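For reference, the structure discussed in these notes is given below.
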Amino acid sequence: MTKYIIRRLLGVIPTLLVIITISFFIVRVAPGGPFDGERALPEVVKRNIEAKYHINDPLLVQYGRYMFDVLRGDLGPSYRYKDHDVNFYIFESLPNSMVLGVIAISISVIFGILSGMLAAIHQNSWIDYLSMALAVVGISVPLFVIGPVLQYVFAMKLGWLPTSGWFSTGDGWKTVILPALTLAFADFATIARLTRSSMLETLRSDYIRTAKAKGMKSSSIIFKHAMKGTMLPIVSYLGPAFAGIITGSVVVEQVFRIPGLGKFFVQSSFNRDYTLIVGVVIVYSVILVIMNFLVDIVYSLLDPRITYT
Amino acid sequence: MKTKQYKSLLEVKDLQTYFKTDAGIVKAVDGISFDLNEGETLGIVGESGCGKSVTNLSIMRLIQSPPGKIVGGEIFFEGLDILKLPENELRKIRGNEISMIFQDPMTSLNPFLKISTQMVETIRLHQKMSHKEALAKSIQMLQLVGIPVAEEKIYYYPHQFSGGMRQRVMIAMALSCEAKILIADEPTTALDVTIQAQILDLIVELTKKMNTAVILITHDLGVVAGMCDNVCVMYAGKIVEKAKTMELYKNPAHPYTEGLIKSVPRLDRAHKGRLFSIEGQPPNVIDLPDCCPFHPRCHKVMDVCQHHYPPTKDLGDQHEVACWLYVDEKEFPND
Numbered sequence: 060m061t062k063y064i065i066r067r068l069l070g071v072i073p074t075l076l077v078i079i080t081i082s083f084f085i086v087r088v089a090p091g092g093p094f095d096g097e098r099a100l101p102e103v104v105k106r107n108i109e110a111k112y113h114i115n116d117p118l119l120v121q122y123g124r125y126m127f128d129v130l131r132g133d134l135g136p137s138y139r140y141k142d143h144d145v146n147f148y149i150f151e152s153l154p155n156s157m158v159l160g161v162i163a164i165s166i167s168v169i170f171g172i173l174s175g176m177l178a179a180i181h182q183n184s185w186i187d188y189l190s191m192a193l194a195v196v197g198i199s200v201p202l203f204v205i206g207p208v209l210q211y212v213f214a215m216k217l218g219w220l221p222t223s224g225w226f227s228t229g230d231g232w233k234t235v236i237l238p239a240l241t242l243a244f245a246d247f248a249t250i251a252r253l254t255r256s257s258m259l260e261t262l263r264s265d266y267i268r269t270a271k272a273k274g275m276k277s278s279s280i281i282f283k284h285a286m287k288g289t290m291l292p293i294v295s296y297l298g299p300a301f302a303g304i305i306t307g308s309v310v311v312e313q314v315f316r317i318p319g320l321g322k323f324f325v326q327s328s329f330n331r332d333y334t335l336i337v338g339v340v341i342v343y344s345v346i347l348v349i350m351n352f353l354v355d356i357v358y359s360l361l362d363p364r365i366t367y368t
Numbered sequence: 070m071k072t073k074q075y076k077s078l079l080e081v082k083d084l085q086t087y088f089k090t091d092a093g094i095v096k097a098v099d100g101i102s103f104d105l106n107e108g109e110t111l112g113i114v115g116e117s118g119c120g121k122s123v124t125n126l127s128i129m130r131l132i133q134s135p136p137g138k139i140v141g142g143e144i145f146f147e148g149l150d151i152l153k154l155p156e157n158e159l160r161k162i163r164g165n166e167i168s169m170i171f172q173d174p175m176t177s178l179n180p181f182l183k184i185s186t187q188m189v190e191t192i193r194l195h196q197k198m199s200h201k202e203a204l205a206k207s208i209q210m211l212q213l214v215g216i217p218v219a220e221e222k223i224y225y226y227p228h229q230f231s232g233g234m235r236q237r238v239m240i241a242m243a244l245s246c247e248a249k250i251l252i253a254d255e256p257t258t259a260l261d262v263t264i265q266a267q268i269l270d271l272i273v274e275l276t277k278k279m280n281t282a283v284i285l286i287t288h289d290l291g292v293v294a295g296m297c298d299n300v301c302v303m304y305a306g307k308i309v310e311k312a313k314t315m316e317l318y319k320n321p322a323h324p325y326t327e328g329l330i331k332s333v334p335r336l337d338r339a340h341k342g343r344l345f346s347i348e349g350q351p352p353n354v355i356d357l358p359d360c361c362p363f364h365p366r367c368h369k370v371m372d373v374c375q376h377h378y379p380p381t382k383d384l385g386d387q388h389e390v391a392c393w394l395y396v397d398e399k400e401f402p403n404d
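Listed in order, the protein sequences are those of chains A and B. Remember, the numbering used here sits 59 above the position in the first sequence when you count from 1. Remember, the numbering used here sits 69 above the position in the second sequence when you count from 1.
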């Protein structure tokens with residue numbers, strides 16, 4: 060097992076190198092550049108800027124220089140935001156997105172699994188219909204609708220919570236609740252549906268019939284015999300979902316004015332801010348790779364048939 | 070609370086289990102009756118889909134509902150109607166008084182739990198024992214079914230055993246509470262031929278030792294001959310013939326039974342040409358008309374067979390058959 064973990068961790072390095080390389084070249088293949096505005100810059104200014112950022116060097120030279128910097132942990136200067144470098148923007152915003160994401164995914168896991176299980180156990184009852192109806196809403200209604208609706212009800216009408224802001228705006232933890240709920244909704248829906256179908260499938264399996272034939276109570280059958288089998292597909296969904304949610308959501312950040320990482324995914328692309336694009340891609344990839352690795356480990360803990368050597 | 074007066078250990082009376090499907094109502098089990106006495110071994114034989122397994126799942130009330138439902142009949146265990154018992158009373162019977170071995174040992178044990186967990190929980194469910202005592206008992210049971218180094222292997226997961234070994238574990242688990250009835254639902258169908266005999270011998274040996282009554286479901290008449298005291302032959306959800314095993318083999322009354330016996334390949338008789346087989350397919354049990362379901366395949370078919378289901382006739386010596394051949398022509402319905 061230890062050997063396997065070490066091997067997997069070593070495997071992360073080439074994976075990331077490939078991802079960085081591909082994204083480095085892809086962003087440069089796209090037409091336009093970071094300094095192409097609506098109004099063309101004077102030739103001299105443009106040449107100066109390009110010289111400063113070495114944009115006119117041969118691509119391979121740029122690539123080599125960039126890789127060297129990345130390996131030292133320096134993601135380079137942003138081509139658009141002049142105040143700080145890419146590292147600064149990421150380290151400033153990622154923790155905010157992580158706090159929000161962890162809270163949101165915890166909400167969706169707890170309530171998703173609970174309502175999915177209840178729905179499966181009471182299949183075709185009102186509990187089932189209610190939780191699946193809620194799940195359909197969660198899957199089909201976009202975040203930019205759910206967010207403002209929550210703001211309207213809980214902030215404007217009831218006045219219980221602030222409409223927007225973050226810790227620094229003075230409302231403390233209260234500001235986290237609405238965006239976390241908004242963000243949790245979609246994953247809650249998916250997890251609830253996944254849990255329901257997975258549990259139904261498990262409950263129909265032969266070994267559950269054996270447990271019933273032994274005279275076990277339904278509650279102990281569910282918790283002792285059906286739980287692990289039910290959790291397997293949810294765990295594999297949670298890996299990528301977790302990576303996605305803690306790297307921020309541009310919609311929720313906009314609606315609730317949260318200084319998170321999500322907006323850089325979108326804005327860096329608009330700005331053709333090469334270094335920032337590749338920077339956030341690296342952050343996302345690292346988290347995703349780690350998550351998938353953790354999923355595999357949890358899998359082997361849940362299912363004795365899976366062993367890694 | 071048990072009624073003291075009862076004829077047999079298990080009495081099944083006119084049991085009907087139907088399944089609702091989009092295509093119509095499937096009468097998987099349609100009015101079957103049989104008795105099982107203490108220590109007796111009863112074989113239930115029939116083709117796939119004739120309702121053998123549904124019969125026995127009905128006895129344990131393990132029919133998946135929906136779509137299945139026991140719509141009629143009574144099942145008395147020691148004089149107690151199982152079909153009327155509340156859930157918590159039923160659980161005291163399941164696994165404790167009546168236990169089951171399933172067809173596929175690969176999927177019937179929980180792959181996520183150690184054998185020790187699964188065995189200990191069964192024993193502790195029905196007997197007042199500490200974990201340690203139950204574990205000792207489990208190891209003892211595993212030794213009894215011939216699992217080598219049981220005290221070590223009990224901590225294995227099911228996937229670490231072969232199919233035959235898993236079925237041994239199932240048998241050990243099923244007998245660990247000294248049940249009065251063991252229902253074995255095609256216990257050897259999923260196993261290698263070489264293992265089949267061992268598993269059957271094991272079931273016979275242990276149940277004789279513990280005086281457990283056995284219901285053996287199978288489609289293999291050879292297995293029945295070697296193991297059972299009595300046999301029920303099922304066809305399309307009904308019992309068509311019931312007799313003592315020797316009697317059934319010597320004097321099969323129903324043309325279907327006759328065909329079944331003929332189609333068992335035998336090495337001790339010189340065969341010319343092809344193996345005997347019953348022509349045609351088993352009927353679709355959805356919306357079956359009121360006729361003998363076997364008549365399209367029967368070589369002795371008469372006019373009456375196509376319009377009426379035959380009454381059950383007693384041929385003496387507990388030999389019963391549902392076939393118009395044994396009904397006096399004067400009793401034929403006239404229409």
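Beta carbons: idealized from backbone N, C-alpha and C, even for Gly. On a predicted model such as this, the values are computed, not experimentally measured, just so you know.
- Item | Straight-line gap, Leu182/B to Leu213/B (C-alpha atoms, nearest Å) | Using only the alpha carbons, I get a separation of about 22 Å.
- Among residues of its own chain, excluding the 5 on either side of His323/B, which ones have a beta-carbon nearer than 6 Å to its beta-carbon? So the qualifying residues of the chain are Val309, Glu310, Val390, Cys392.
- Compute the Euclidean distance between the alpha carbons of Pro201/A and Val310/A, then round it to the nearest angstrom. Rounded to the nearest whole angstrom, the C-alpha separation of Pro201/A and Val310/A is 10 Å.
- Query: Just the Cα atoms here: how many angstroms apart are Glu151/A and Tyr224/B?
  - Reply: Computed Cα separation, rounded: 51 Å.
- Task: Can you grab the Cα-Cα spacing for the pair Thr96/A / Arg124/A, in whole Å?
- Result: Note that residue 96/A is Gly in the sequence shown here, rather than Thr. Cα-Cα distance, rounded: 26 Å.
- If you drop the 5 nearest sequence neighbours on each side, which residues of the same chain put their C-beta closer than 6 Å to that of Thr72/B? For Thr72/B, the predicted structure reports a pLDDT of 49, less than 50, and the residue's modelled location is therefore unreliable. A value from the coordinates is still provided. Hits under 6 Å: Gly148.
- If you check the beta carbons only, do Ile252/B and Ile284/B fall under 8 Å apart? In this structure, Ile284/B lies closer than 8 Å to Ile252/B by Cβ.
- Task: Leaving out five residues on either side along the sequence, give the residues of the same chain with a beta carbon under 8 Å from the beta carbon of Met70/B.
- Result: With a pLDDT of only 45 at Met70/B, under the threshold of 50, the placement of this residue in the model should not be trusted; the figure read from the coordinates follows. Closer than 8 Å at Cβ, skipping near neighbours: no residue.
- Item | Met242/B in three-state terms, based on DSSP | Looking at Met242/B - three-state DSSP - the assignment turns out to be helix.
- Are three or more beta carbon pairs between the segment 120 to 140 of chain B and the segment 359 to 370 of chain B nearer than 8 Å? Too few Cβ pairs lie closer than 8 Å, so no.
- Message: So with CB distances below 7 Å, who are the chain B contacts of Gly42/A?
- Response: What is shown of chain A runs 60 to 368, which leaves residue 42/A out entirely.
- For His284/A and chain B, any beta-carbon pair shorter than 8 Å? In terms of beta-carbon proximity, His284/A lines the interface with chain B, with at least one pair separated by less than 8 Å.
- Show which residues of chain B have a CB atom less than 8 Å away from the CB atom of Met266/A. For the record, residue 266/A in the displayed sequence is Tyr; it is not Met. Those within 8 Å of Tyr266/A in chain B are Thr176, Ser177, Leu178, Asn179, Pro180.
- Query: Looking at the unbroken alpha helix (DSSP H) that takes in Glu151/A, where does it start and where does it end?
  - Reply: Its alpha helix (DSSP H) spans residues 145 to 180.
- Message: Residues in the same chain with beta-carbon distance under 8 Å from Thr306/A, minus the five sequence neighbours each way, listed in chain order, please.
- Response: Cβ within range, chain order: Leu153, Ser156, Gly160, Leu320, Gly321, Phe324, Val339, Val342, Tyr343, Ile346.
- Task: Mind reading off the beta-carbon distance from Ala282/B to Gly108/B? Whole number of angstroms is fine, and I expect it under 8 Å.
- Result: Confirmed, Cβ separation roughly 6 Å.
- Message: Could you tell me the alpha carbon to alpha carbon distance between Thr61/A and Ile349/A, rounded to whole angstroms?
- Response: One C-alpha to the other measures close to 16 Å.
- Task: Count the other C-beta atoms from every protein chain shown that fall within 10 angstroms of the C-beta of Ile72/A, then say buried if there are 16 or more, exposed otherwise.
- Result: Around the C-beta of Ile72/A, fewer than 16 other C-beta atoms lie within 10 Å, and the residue is accordingly described as exposed.
- Message: In this structure, how does DSSP classify Ser142/B when only helix, strand and coil are distinguished?
- Response: What sits at residue 142/B in the sequence shown is Gly, not Ser. Three-state DSSP puts Gly142/B in a strand.
- Beta bridge counterpart(s) of Pro136/A as assigned by DSSP: Pro136/A is bridged to Asp144/A.
- Note the first and the last residue of the continuous beta strand (DSSP E) segment covering Met303/B. 299 to 304 is the extent of the beta strand (DSSP E) around Met303/B.
- Query: Could you give the residue range of the alpha helix (DSSP H) that holds Asp355/A?
  - Reply: Counted as a single uninterrupted DSSP element, the alpha helix (DSSP H) harbouring Asp355/A occupies residues 333 to 361.
- Task: Could you name the residues that DSSP lists as bridge partners for Gly112/B?
- Result: Partner residues in the beta bridge of Gly112/B, as assigned by DSSP, are Leu285/B, Val300/B.
- Task: Taking only beta-carbon positions, decide if Phe171/B is within less than 8 Å of chain A.
- Result: Yes, because at least one Cβ of chain A sits closer than 8 Å to the Cβ of Phe171/B.
- Item | Nearest candidate by alpha-carbon position, reference Pro238/A, set Val204/A, Thr254/A, Arg263/A, Ser256/A | Considering only Val204/A, Thr254/A, Arg263/A, Ser256/A, the residue with the shortest C-alpha distance to Pro238/A is Val204/A.
- What distance in whole Å lies between the Cβ atoms of Leu217/A and Leu240/A, which are believed to be in contact at a cut-off of 8 Å? About 14 Å separates the beta carbons of Leu240/A and Leu217/A, which is beyond the 8 Å limit, so they are not a contact pair.
- Message: Quick check on this structure: which residue in Leu79/B, Val81/B, Val333/B, Ile250/B has the alpha carbon closest to the alpha carbon of Val293/B?
- Response: The candidate whose alpha carbon is nearest that of Val293/B is Val333/B.
- Query: Taking just the CA atoms, how far does Ile208/B sit from Ala92/B?
  - Reply: Each residue's Cα considered, the two are about 48 Å apart.
- Message: Runs of 4 residues minimum, wholly inside the segment 215 to 281 of chain B: which ones carry the alpha helix (DSSP H) assignment?
- Response: 219 to 222, 232 to 244, 262 to 279, all fully within the segment 215 to 281 of chain B.
- Item | chain A within 8 Å of His377/B, Cβ atoms only | With 8 Å as the cut-off, His377/B does not count as an interface residue toward chain A.
- Segment limits, alpha helix (DSSP H) that includes Glu158/B: In the DSSP assignment, Glu158/B falls within the unbroken alpha helix (DSSP H) covering 156 to 162.
- Query: If we ignore side chains and look at the alpha-carbon of each, how far apart do Tyr266/A and Leu204/B end up?
  - Reply: Near 21 Å, if we compare the C-alpha coordinates of Leu204/B and Tyr266/A.
- Message: What residue range does the alpha helix (DSSP H) around Phe103/B cover?
- Response: Counting along the chain, Phe103/B sits inside no alpha helix (DSSP H); it lies in the beta strand (DSSP E) bounded by residues 93 to 105.
- Item | Meets three-Cβ-pair contact criterion under 8 Å: the segment 395 to 403 of chain B and the segment 376 to 384 of chain B | Counting Cβ pairs under 8 Å, three or more are found: they touch.
- Message: I want to see whether chain A comes within less than 8 Å of Leu275/B, judged by CB atoms only; does it?
- Response: No, Leu275/B lies away from the interface with chain A (no Cβ there is under 8 Å from its Cβ).
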